[in-house]
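Chemist: Could you have a look at this structure, given as structure tokens, before my questions?
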Amino acid sequence: MLTKPLHILLVSQSLCTRLKSKHFQLRAMSTNINNNSGTFSKAVGQIPRGYYPINEGSATILYGREGEAFYNKVQVFNRDLSILVIKNFDLLRRQEHDDKEKARIEKKRRYAEEDTVIPEAKQVQDLNILEALSATGLRSVRYWKEIPNVRKIVANDIVPDAVDVIRRNLDYNDISHDKVVPHLADATEYMHRISAQKRAQQSKKTVDPEEFHVIDLDPYGGANPFLDSAVQCIGEGGLLCVTCTDMAVLSGQQPGACFAKYGSYPIRVKSCHEQALRILLGSIQHHCSRYGRYIVPLISLSIDFYVRVFVKVHTSQNEVKTVHQKYSNVVVCNNCENYHVQRFGDRLANHFGKCSECGSNQKISGPIWSAPIHDPTFINKCIQHVKDNTDKFTTHKRILGMLSVAAKELPDSPLYYMINSISSSLKMSVPPAHMIRSAILNAGYLYSQSHCKGEALKTNAPAQVLHDIFREYHITHCQDAKEVQEQQEQQEGEGKVRTVKNKYDIAAILLNKKSITAVDFTVRNDTKSGSKITGYSAFPPNPEDNWGPGKRARGHKRSRDEKNQDEAKPEAPESPESKQVKL
582 MLTKPLHILL VSQSLCTRLK SKHFQLRAMS TNINNNSGTF SKAVGQIPRG YYPINEGSAT
642 ILYGREGEAF YNKVQVFNRD LSILVIKNFD LLRRQEHDDK EKARIEKKRR YAEEDTVIPE
702 AKQVQDLNIL EALSATGLRS VRYWKEIPNV RKIVANDIVP DAVDVIRRNL DYNDISHDKV
762 VPHLADATEY MHRISAQKRA QQSKKTVDPE EFHVIDLDPY GGANPFLDSA VQCIGEGGLL
822 CVTCTDMAVL SGQQPGACFA KYGSYPIRVK SCHEQALRIL LGSIQHHCSR YGRYIVPLIS
882 LSIDFYVRVF VKVHTSQNEV KTVHQKYSNV VVCNNCENYH VQRFGDRLAN HFGKCSECGS
942 NQKISGPIWS APIHDPTFIN KCIQHVKDNT DKFTTHKRIL GMLSVAAKEL PDSPLYYMIN
1002 SISSSLKMSV PPAHMIRSAI LNAGYLYSQS HCKGEALKTN APAQVLHDIF REYHITHCQD
1062 AKEVQEQQEQ QEGEGKVRTV KNKYDIAAIL LNKKSITAVD FTVRNDTKSG SKITGYSAFP
1122 PNPEDNWGPG KRARGHKRSR DEKNQDEAKP EAPESPESKQ VKL
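When you read off a place in the sequence shown, starting at 1, and then add 581, the result is the number in my numbering.
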């Protein structure tokens, strides 16, 4: 017997049917996002609950629960810079290939007989890119959408959750998995496997092996575990992009750890950021030397809390035999930071005793890369590209500011001084930077800024000349110093000898030294800072609080048992096509 009116029952049944249908739709959507295939239908038109979009460049990714993959908005500059460098590297690579082919064909034509058919020039291959530590896949998505002439990208990660995120973001951006390949593997194992396949194919001399033209290493921490496999895997003349965020190790806070990881002993100096860059470059070259390869740095930058280098990798046994000339040890004073660079293979200089300026003890650090860390011609091409395409780079102002300073750095002056640090050693007020720069130029030496620090001073002037300049400023522009100078001149006139009462008073020791440099503070027009010339600052303030590395992703890595289970699964028989090297 009915207890409710018929129309109420009909409405209730209809509502239940609609709710059940909606429930199964949401369940199916959730399954599509979280299953192993990681597929997500963009045609749904709605972003599922628990996810939100992140727009960067021409890419949009879906970011879900915290810890499934690592995303850091601080690295927008890093990704913009990487896209810029890879674009210009590809242009350079194609130009070098065309020049080589023209020379080869011209040589054949010159020595060929009349009836000989001259082969046509080989076409350059489009880019194969490996992002060894992909996380969300954002970098790979941007590379595919914003870099022309890309054949294939492998977006690799060791965390299954991260690979699912990569698949989801590729589907959301309508990118085929054949073009950007989501790949689950240990990065070092994968690169070793690819390089082994490449060597095997080269030994057979059948076809040209497929190889990676660009390998991007952007780990959370140091890149040292991946360098050995990366320098083997990268193709001839390829571009290796390396990020290191373990600045506590590279900058001298943990010298023992740095020696164990990178093969160099750093010390705490004001120029620790450039020291970190040179230690990383030296470590990459050390790995390359084992396999008869050498590096050509294009751009090397210290940015925020990390260092980022872009180097070309070539093969030449003759170059490797002379690569030791690009390494140096550095002798640094404990107090006044006077330093001397002792290059490997050079005649031993007398710098290993007491400091020649203040008489303090000294420390030895190194070896570090002491050759140039930038290619100014390449940087200027990158600068022009940004100026022509400012709408395509979110951080174009900072890119222009930093690259403009880096392009003008003195190539033969490793490390730098800090104007405020020298002033502190002398216990004097900090002089205007343009006056110090003018005095250096007027004395016949060169100077440049450094992209690492706004107050940094790179110069080929010896420390004695710098101290003479600061001493002269102290005497001529400080009232107390003038009185001290008059008293000292009076004492000298009376035949009294100037003495320093405290041998540990570094300021008194340095100020009492006799100058040998004719100091001229006439201000020159060519001493303006880079930002005043370009209009863009290389050192903008942080846009937000806590602007630094984010939290490490807490995704689940495969255990050894899981790896063994995967290896134990029967494999399908390989076709002749599948035996080719697959990226």
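Don't be surprised by glycine CBs; every beta carbon is placed ideally from N, CA and C.
Taking the C-alpha atoms as reference points, what is the distance between Leu-751 and Lys-654?
Modeler: As a first step, residue 751 must be located in the sequence shown, where it is residue number 170. As a first step, residue 654 must be located in the sequence shown, where it is residue number 73. Their backbone Cα atoms lie some 19 angstroms apart in a straight line.
Chemist: Let's see if you can read the secondary structure: which residues bound the alpha helix (DSSP H) around His-867?
Modeler: Sequence index remark: in the sequence shown, residue 867 carries index 286 (1-based). Unbroken alpha helix (DSSP H) run through His-867: 853-870.
Chemist: Roughly how many angstroms separate the alpha carbons of Phe-793 and His-758, rounded to a whole number?
Modeler: Locating residue 793 in the sequence shown gives position 212, counting from the first residue. Locating residue 758 in the sequence shown gives position 177, counting from the first residue. Spanning the two alpha carbons is a distance of roughly 18 angstroms.
Chemist: Give the secondary structure of Ser-1165 by DSSP, where H, G and I count as helix, E and B as strand, and everything else as coil.
Modeler: In the structure as shown, the chain starts at 582 and stops at 1164, and residue 1165 therefore has no counterpart that could be examined.
Chemist: Quick check: the Cα distance between Ile-756 and Asp-738, rounded to an integer number of angstroms?
Modeler: Position 175 of the sequence shown, counted from the first residue, corresponds to residue 756. Position 157 of the sequence shown, counted from the first residue, corresponds to residue 738. Approximately 18 angstroms between the Cα atoms of the pair.
Chemist: Indicate whether Val-894 and Ile-815 have their beta-carbon atoms separated by less than 7 angstroms.
Modeler: Residue mapping note: residue 894 aligns to position 313 of the sequence shown, counting from 1. Residue mapping note: residue 815 aligns to position 234 of the sequence shown, counting from 1. Cβ atoms of Val-894 and Ile-815: closer than 7 angstroms.
Chemist: Note down, in chain order, each residue of its chain lying with its Cβ closer than 6 angstroms to the Cβ of Arg-720, except the 5 sequence neighbours on either side.
Modeler: The residue labelled residue 720 in the question sits at position 139 within the sequence shown. Closer than 6 angstroms at Cβ, skipping near neighbours: Arg-660 and Glu-712.
Chemist: With 16 as the cutoff for other CB atoms within 10 Å, does Lys-851 come out buried or exposed?
Modeler: Position 270 of the sequence shown, counted from the first residue, corresponds to residue 851. It is buried - the Cβ of Lys-851 has at least 16 other Cβ atoms within 10 Å.
Chemist: In angstroms, rounded to a whole number, what distance separates the CA positions of Val-913 and Ser-941?
Modeler: In the sequence shown, the residue the question calls residue 913 occupies position 332. In the sequence shown, the residue the question calls residue 941 occupies position 360. Going by the C-alpha atoms only, they are around 10 angstroms apart.
Chemist: In terms of alpha-carbon separation, which member of Asp-956, Lys-1034, Lys-962 and Thr-1040 lies closest to Ser-994?
Modeler: Sequence index remark: in the sequence shown, residue 994 carries index 413 (1-based). Nearest C-alpha to Ser-994: Thr-1040.
Chemist: Suppose you measure from the CA of Cys-939 to the CA of His-1048; what does that come to, to the nearest Å?
Modeler: Stepping through the sequence shown from its first residue, residue 939 is reached at position 358. Stepping through the sequence shown from its first residue, residue 1048 is reached at position 467. Looking at the two C-alpha atoms, the distance is approximately 11 angstroms.
Chemist: Which class does Tyr-1117 belong to by DSSP, given the choice of helix, strand or coil?
Modeler: By 1-based counting over the sequence shown, the position of residue 1117 is 536. Three-state result, Tyr-1117: coil.
Chemist: Does the contact criterion of 3 or more C-beta pairs under 8 angstroms hold for the segment 956-975 versus the segment 657-671?
Modeler: In short, these stretches touch, since the Cβ pair count reaches three.
Chemist: Could you check what DSSP says for Phe-1102 in three-state terms: helix, strand or coil?
Modeler: Here residue 1102 refers to the residue found at position 521 of the sequence shown. The answer is coil: DSSP assigns Phe-1102 none of H, G, I, E or B.
Chemist: Gly-844 and His-867: beta carbons closer than 7 angstroms?
Modeler: Looking up residue 844 in the sequence shown gives position 263. Looking up residue 867 in the sequence shown gives position 286. In contact: Gly-844 and His-867 (Cβ atoms closer than 7 angstroms).
Chemist: Does the beta-carbon of Ser-951 have 16 or more other beta-carbons within 10 angstroms, so that it is buried, or is it exposed?
Modeler: As a working mapping, residue 951 is identified with position 370 in the sequence shown. Under this definition Ser-951 is a buried residue.
Chemist: Evaluate contact between the segment 994-1010 and the segment 1030-1037, counting only Cβ atoms and requiring at least three cross-stretch pairs below 8 angstroms.
Modeler: The segment 994-1010 vs the segment 1030-1037: in contact.
Chemist: Hey, which unbroken runs of the beta strand (DSSP E) at 3 residues or more fall wholly within the segment 660-684?
Modeler: Fully enclosed beta strand (DSSP E) runs of 3 or longer: not present.
Chemist: Start and end of the beta strand (DSSP E) containing Asp-553?
Modeler: It is not possible to answer for residue 553, since the shown part of the chain is limited to 582 through 1164.
Chemist: Would you report the Cα separation of Pro-629 and Val-722, rounded to the nearest angstrom?
Modeler: The residue you call residue 629 lines up with position 48 of the sequence shown. The residue you call residue 722 lines up with position 141 of the sequence shown. C-alpha separation (whole angstroms): 20 angstroms.
Chemist: Can you give the Cα-Cα distance for Ser-618 and Tyr-724, rounded to whole angstroms?
Modeler: Within the sequence shown, the letter at position 37 stands for residue 618. Within the sequence shown, the letter at position 143 stands for residue 724. With a pLDDT of only 35 at Ser-618, under 50, the local geometry of the prediction cannot be trusted, and no value is derived from it.
Chemist: Quick check: is any heavy atom of the ligand MN less than 6 angstroms from the C-beta of Ser-1029?
Modeler: Ligands are entirely absent from the displayed structure, and the ligand MN is therefore not among its contents.
Chemist: Are the segment 963-972 and the segment 870-878 touching by the rule of at least three beta carbon pairs closer than 8 angstroms?
Modeler: Touching, no, given that fewer than three Cβ pairs across the two stretches are closer than 8 angstroms.
Chemist: Using only alpha-carbon positions, find the residue among Ala-988, Ala-1024, Glu-1053 and Asp-742 that is nearest to Gln-1030.
Modeler: Here residue 1030 refers to the residue found at position 449 when the sequence shown is read from its first residue. Of the candidates Ala-988, Ala-1024, Glu-1053 and Asp-742, the one whose C-alpha sits nearest the C-alpha of Gln-1030 is Ala-988.
Chemist: Distance, Cα to Cα, Tyr-908 vs Ile-1021?
Modeler: Here residue 908 corresponds to residue number 327 of the sequence shown, with the count starting at 1. Here residue 1021 corresponds to residue number 440 of the sequence shown, with the count starting at 1. Approximately 27 angstroms, taken between the alpha carbons.
Chemist: Between Leu-1165 and the rest of its own chain, which residues show a CB-CB distance below 7 angstroms, the 5 nearest in sequence each way excluded?
Modeler: The question about residue 1165 has no answer here: the residues shown for the chain are numbered 582 through 1164.
Chemist: Alpha carbon to alpha carbon, how far is Glu-791 from Ile-710? Give it in angstroms, no decimals.
Modeler: The sequence position of residue 710 within the sequence shown is 129, counting from 1. The sequence position of residue 791 within the sequence shown is 210, counting from 1. Their Cα atoms are separated by approximately 11 angstroms.
Chemist: If I measure Cβ to Cβ from Thr-717 and keep anything under 8 angstroms in the same chain, skipping five residues before and after, which residues do I get?
Modeler: Start at 1 with the first residue of the sequence shown, and residue 717 comes out as number 136. If we look at Thr-717 and ignore the five residues flanking it on each side, its Cβ neighbours are Ile-642, Tyr-644, Ala-650, Phe-651, Tyr-652, Ala-743, Val-746, Ile-747 and Asn-750.
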